[in-house]
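*Asks:* For any residue, its number in my numbering is found by taking its place in the sequence shown, counting from 1, and adding 1. Virtual Cβ for every residue (Gly too), placed ideally from N, Cα, C. Before I ask anything, here is the structure I am working with.
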Amino acid sequence: MLRLWGRANSINVQKALYCIEELGLPYERIDAGRGYGIVETAEYKAMNPNSLVPTLQDGDFILWESNAIVRYLCARHSDGDLWPRDLRVRAAADRWMDWQQTAITPAIGTAFHGLVRTPGSRTPQDIDESAAKTDALFLILDAHLAGRSWLEGERFSMAECVIAPAVHRWLNMPVQHSDVPHVRRWYDAIMSRPAAERVLTLPIT
Ligand SMILES: N[C@@H](CCC(=O)N[C@@H](CS)C(=O)NCC(=O)O)C(=O)O
C-alpha cells in the first residue's frame with residue numbers, strides 16, 4: 002500500500018493526495034511537517050533530506066517532490082488517461098505543473114502567509130503586491146481555459162491534480178479576485194468530483 006507523509010493543509014501534500022484519490026489507490030497518510038514534526042527526525046531525513054512534505058513510499062521506492070510524485074503515480078497507474086499518451090498533450094500538461102511550481106508558488110506565498118497562515122507576518126504592501134502578481138497569473142489560466150473543459154487534451158489529466166489545489170487556495174483567499182469565469186467553471190467541475198470532495202473541501206489554513 003502507498004504511504005504518504007505530510008499534513009493535509011500543505012498544498013504540495015494536497016497535490017499528491019488529490020492524485021492518489023483520483024486514481025482510487027489504497028494508501029495511508031501520516032501527518033508530518035510544521036506542528037506535527039517528524040520531518041527533522043533521522044528516519045524521515047533518510048527518506049527526504051530536505052525535511053519537507055510530501056514524501057511518498059511505494060514498497061521499497063521513496064519519492065519526494067510533489068509534482069514528481071504526481072507524474073510517477075499517473076504514469077504507473079493511469080497510462081493513457083491521467084498520464085496522456087500523446088507526447089504533445091503530455092508536455093502541455095507538464096508545463097502547467099511546472100508553472101504552478103515556478104510561477105504561482107513564488108507569487109502567492111506572501112499573500113497566503115500574511116492573510117491566512119500567519120496573519121500579521123507580512124506588510125499590507127507586500128501582501129497587495131503578492132496578490133496582484135497571483136491575480137495576473139490566474140488571468141493567464143482563465144484565458145487558456147476559455148472554450149476548454151480541461152487544461153490539456155480531452156480529459157482530466159495529471160495537470161488537474163496540481164492546478165486544482167492551487168486554484169482552490171487562491172479562490173478561497175480573502176483577496177480581491179479579478180473576474181475569472183473560465184477558471185471558476187473549471188473549478189466547479191473539479192469540485193463536483195468525489196476525489197476533490199475528499200481532499201479539497203478542507204478550509205485553507
Ligand atoms: N518542491 C517541493 C516543496 C515542498 C514544500 O515546500 N513543502 C512544504 C509544505 S507545502 C513543507 O514541507 N514545509 C515545512 C513543513 O511543513 O514542515 C514539493 O513540491 O514537494
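1) When you measure from the CB of G110 to every non-hydrogen atom of ligand 1, does any distance come out below 6 angstroms?
2) What first and last residue would you give for the alpha helix (DSSP H) that runs through L138?
3) Would you call A94 buried or exposed, if buried means 16 or more other Cβ atoms sit within 10 Å of its Cβ?
4) Whose C-alpha, out of A104, Q126 and G154, is nearest the C-alpha of R89?
5) Any heavy atom of ligand 1 closer than 6 angstroms to the Cβ of G34?
6) Just reading off the alpha helix (DSSP H) that I70 is part of, what are its end residues?
7) In three-state DSSP terms, what is W151?
8) Taking the CB atoms as reference points, tell me whether V181 and F113 lie closer together than 7 angstroms.
9) Taking contact to mean 3 or more Cβ pairs, one atom from each stretch, closer than 8 angstroms, check whether the stretch 32–46 and the stretch 96–116 are in contact.
10) Closest to R1 by CA distance: which of V168, L18 and A160 is it?
11) Report, in whole angstroms, the separation of the C-beta atoms of G60 and A33, which I expect to be a contact under 8 angstroms.
12) Can you find the residues in the same chain that come closer than 7 angstroms, C-beta to C-beta, to R35, ignoring five residues on each side of it along the sequence?
13) Consider the C-beta atom of N13 and the heavy atoms of ligand 1; say whether any pair is separated by less than 6 angstroms.
14) By Cβ distance below 6 angstroms, which residues in the same chain neighbour L18 in space, the five residues on each side in sequence not counted?
15) Determine which residues share a DSSP beta bridge with L57 and list them.
16) Please list the terminal residues of the continuous beta strand (DSSP E) segment that includes R30.
*Replies:* Let's see:
1) Not one heavy atom of ligand 1 sits closer than 6 angstroms to the Cβ of G110.
2) Run containing L138: P125 to L146, per the alpha helix (DSSP H) assignment.
3) By the 10 Å Cβ count, A94 comes out buried.
4) It is G154 whose Cα lies nearest to the Cα of R89.
5) Because some heavy atom of ligand 1 lies under 6 angstroms away, the Cβ of G34 counts as near it: yes.
6) Where I70 is concerned, the enclosing alpha helix (DSSP H) stretches over S67 to H78.
7) DSSP places W151 in the coil class of the three-state scheme, outside both helix and strand.
8) Against a cut-off of 7 angstroms, the Cβ pair of F113 and V181 comes out as no contact.
9) No: the two stretches stay apart, fewer than three of their Cβ pairs being nearer than 8 angstroms.
10) As displayed, the chain neither begins before 2 nor continues past 206, which places residue 1 out of reach and without an answer.
11) Their Cβ separation, rounded to whole angstroms, is 19 angstroms, which puts G60 and A33 out of contact at 8 angstroms.
12) Answer for R35: R8, listed in chain order.
13) Indeed, a heavy atom of ligand 1 lies less than 6 angstroms from the Cβ.
14) Sequence-distant Cβ neighbours of L18 in its own chain, meaning closer than 6 angstroms and more than five residues away, are V200.
15) L57 is bridged to L5 and L64.
16) Residues Y28 to I31.
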